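One structure below.
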Amino acid sequence: MEKQTHINFRVSKIKKNLFLAISFFTVFAALQLLPNSVFAQDLYVGAATVDITPKLPVAVDGQMTVRIAEVAETPLTANVIVLESKGENTTVLVSCDMVTIPTELKEMIQNQVKESLPALDTKKIIINATHTHTGGVVRDNRYNIPEGVTQVKDYLKFVSDRVAKTIVTTYNQREPGSVSWGISHAKVAYNRRAVYEDGTAKMYGGTHEANFIKVEGFEDQAIQSLFFWNQKGDFVATCINVPSPAQIVENRSTVNADYWHPVREGLKEKYGQQLVVAGWIGAAGDQTPRPRYDEFAEWRMIALRNENKSPDFAEHSGEVNFRNEYHLNEIAGRIIRAVDETYETVKIDKHEAPVIKHEVNNIELPMRVVTETEYNHALKMRAEDMKDAESAQIFSRRIVWYSKVVDRYEIQKSNPQPMYPVELHALRIGDVVICTNPFELFTEYGIQMKARSNAMQTFVLQLVGPGNYLPTKEAVRGGHYSAIVESNEVGPEGGQILVNWSVAMINKLWPE
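Under this note's numbering, think of the first position of the sequence shown as 8, with each following residue one higher.
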């Protein structure tokens, strides 16, 4: 009797397991016949490009004197990528071909997007500049712009309208997608600060001088990329992180997106015109994409690759002219090859449901204190620039530069330690993180952030904001442009606080 009962129990158990197995496979088979839209998809992606080339003639931003462009050698673009996770966490990434991102422009874009998408958290719109010096002026009251030339307020409205509309359209057209990431290397960034035996330093200082002893700081050669695909498997967008500003043709009086234009065109030619290419500048306040040593060896190789052996390509006065299309295409080619190598490696490692977390913090950093000596120097130099109407017109930007130092000193009389407001973002996408800052951040700080980060891979994105140089202690000791009080609102003390805040925000996203 006990044996029969035991047999019946085993038969019953087998039938139950068989029923469950059949049920599982029946449901599984049925699910395979359903369209993809039925499944929960964690990552949604949208991407688009919009032209933000200003109406000509236009003043171009980035130098001390006024330059008026009457020719657009390339278009300027804003490249928009929308990411959504689980239908709730939405981030918008916008890269703009301009010198910096004024707070006014950011707020204009946020307000316009909010009108159309009230549910979207506009604080999580990250807008960065590629730091081209041949884009339209976006900072008001910096230059005396003549009548008949596009004015700052008009250009800001033009950009804001176009970018906001593109964000809304891209958000509404987002679809299931996937992402991958990777790193390669290319020689793009060169430290542009030369140090001499007496301890002084100079931005773009000669490296052939007998008393030259070193370049001042680090050079970061990492080229980091994010890749996005739609649900059909089409490669639709990429973010490329290059630790060097887009300033090869920076001295021209023309409109030009600099090296990002041939990078975009080269990648689109290979991967299709649908590709959106967002340019991200890494920590690069002390970097340039033009060689500071090995100049003639570099010149020879570029000339041979272009079948151009003309000595006109070099200025044989001890310096090579790299501000031309030859070097523009050389640097673009290096970036493209690094991106291609990364793409071919990581395209098999796509993620449809990555963890996406986005933290935003508003903090205050101690401003660099203006000394009495610096104050008196600013007064003297401003007076020289204002000695007559012609000089005041030519050097209007520099007059503003010195005036800000004078104003800061006066403020210090009642507020000995003023603070500088800063917005920081830390965005986790799977195993990688993007951390932002509004400065022209010296590379040393970016390397600290990357080294101390808990993420597998860390993208440092500068000029997400109004931008000014943030130098190291060594740079301040050496002096010269980019490390003097006129160039800095925040000094090395604030720089270290910035690093610590950024690392804390990053590591909070990896609590495990």
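We put the CB at the ideal spot given by N, CA and C, even for glycine. Small disclaimer: the values here were computed from a predicted structure and weren't measured.
For residue i, which of the options has the nearest alpha-carbon?
i	options	result
Pro423	Val377, Ala85, His384	Val377
Lys357	Val65, Asp58, Gln238	Gln238
Phe449	Trp236, Arg405, Ser494	Ser494
Gly94	Arg435, Ala244, Ala360	Ala360
Ser187	Ser260, Val362, Glu223	Val362
Val439	Ala462, Val144, Cys103	Ala462
Gly501	Ser489, Glu114, Asp147, Tyr427	Tyr427
Val166	Gly184, Gly142, Gly155	Gly142
Leu63	Glu77, Gln231, Met71, Leu50	Glu77
Met105	Thr98, Lys121, Ala264	Ala264
Thr177	Asn313, Pro373, Val52	Val52
Ala482	Glu417, Gly224, Val283	Gly224
His334	Val353, Asn313, Thr81	Asn313
Asn135	Val170, Glu337, Arg271	Val170
Asn258	Gln158, Leu90, Arg74, Ser398	Arg74
Ile59	Lys164, Thr72, His140	Lys164
Val492	Val412, Glu447, Gln503	Val412
Glu80	Glu337, Ser260, Gln419	Ser260
Gln254	Ser410, Tyr382, Glu122, Glu332	Glu332
Val87	Glu182, Ile132, Ser460, Arg459	Ile132
Val159	Gln228, Val65, Thr129	Val65
Glu305	Ile338, Val144, Asn96, Leu386	Ile338
State buried or exposed for residue i, treating a residue as buried only when at least 16 other CB atoms are found within 10 Å of its CB.
i	result
Ile355	exposed
Gln117	buried
Phe1	The question about residue 1 has no answer, for the chain in this structure spans 8 to 519.
Tyr300	exposed
Ala126	exposed
Gln2	For the chain, the structure presents residues 8 to 519; residue 2 sits outside this window and is missing.
Thr479	buried
Ala396	exposed
Phe46	Residue placement at Phe46 is flagged as unreliable, the pLDDT there being 38, under the threshold of 50; the coordinate-derived value follows with that caveat. Result: exposed.
Gly498	buried
His138	buried
Gln280	exposed
Asp205	exposed
Gly437	buried
Gly69	buried
Ser232	buried
His323	Reliability fails at His323, whose pLDDT of 48 lies under 50, so the model's placement of it is uncertain and the value that follows must be treated cautiously. His323 should be labelled exposed.
Ser251	buried
Ala268	Before going further, note that residue 268 is His rather than Ala in the sequence given. The residue in question, His268, is buried, as its Cβ has 16 or more Cβ neighbours within 10 Å.
Leu38	Note on Leu38: pLDDT 36, under 50, position unreliable in the model; the coordinate value appears next. Exposed, because fewer than 16 other Cβ atoms sit within 10 Å of the Cβ of Leu38.
His215	exposed
Ile441	buried
Gly292	buried
Gly240	exposed
Leu274	buried
Thr352	exposed
Thr295	buried
Ile29	Residue placement at Ile29 cannot be trusted, given a pLDDT of 40 that sits under 50; the coordinates are not used to answer.
Ala511	exposed
Leu372	buried
Leu4	Residue 4 cannot be examined here, being either before or after the span of the chain that is shown, 8 to 519.
Asn507	exposed
Ala385	buried
Would you verify that the beta carbon of residue i is, or is not, closer than 9 Å to some beta carbon of chain D?
i	result
Glu77	Looking at the structure shown, chain D is missing, and only one protein chain is on hand.
Return the Cβ separation of residue i and residue j in integer angstroms, given the expectation that the two are a contact with Cβ distance under 8 Å.
i	j	result
Trp208	Ala201	According to the sequence provided, residue 208 is Ala. The question's Trp does not apply to it. The pair is a contact, with the Cβ atoms about 7 Å apart (cut-off 8 Å).
Val467	Lys457	7 Å
Ile370	Leu431	6 Å
Val7	Leu112	Lying before the first or after the last residue shown, residue 7 is absent from the chain, which here runs from 8 to 519.
Ala85	Val67	Not really, about 17 Å apart at Cβ, beyond 8 Å.
Tyr197	Glu226	6 Å
Pro445	Pro473	6 Å
Val342	Ala193	Correcting the residue identity first, residue 342 is Ile in this sequence and not Val. Confirmed, about 6 Å.
Glu326	Leu516	The Cβ separation is near 45 Å, so there is no contact.
Thr107	Arg146	7 Å
Gly289	Gln469	7 Å
Gly184	Trp236	6 Å
Glu496	Asn475	5 Å
Ser489	Met115	Not confirmed; about 29 Å, so no contact.
Val284	Ala55	Going by Cβ atoms, the distance from Val284 to Ala55 rounds to 12 Å, so no, they are not a contact pair.
Is residue i near the ligand NAP, judged by its Cβ being under 8 Å from some heavy atom?
i	result
Val195	Annotation note on the ligand NAP: not contained in the displayed structure, which lists no ligands.
On the three-pair Cβ rule with 8 Å, is the segment 245 to 258 touching the segment 339 to 348?
yes
Counting Cβ pairs closer than 8 Å, one from the segment 148 to 155 and one from the segment 394 to 407, do we hit at least three?
yes
Curious, which full-length beta strand (DSSP E) runs of at least 3 residues does the segment 219 to 243 contain?
219 to 222, 229 to 237
Where are the beta strand (DSSP E) runs, 3 residues long or more, that stay fully inside the segment 123 to 169, in chain order?
132 to 136
So within the segment 423 to 494, which uninterrupted beta strand (DSSP E) runs reach at least 3 residues, ignoring any that extend past its ends?
426 to 436, 439 to 443, 464 to 468
My parser needs the alpha helix (DSSP H) runs of 4 or more residues fully inside the segment 288 to 317; what are they?
302 to 312
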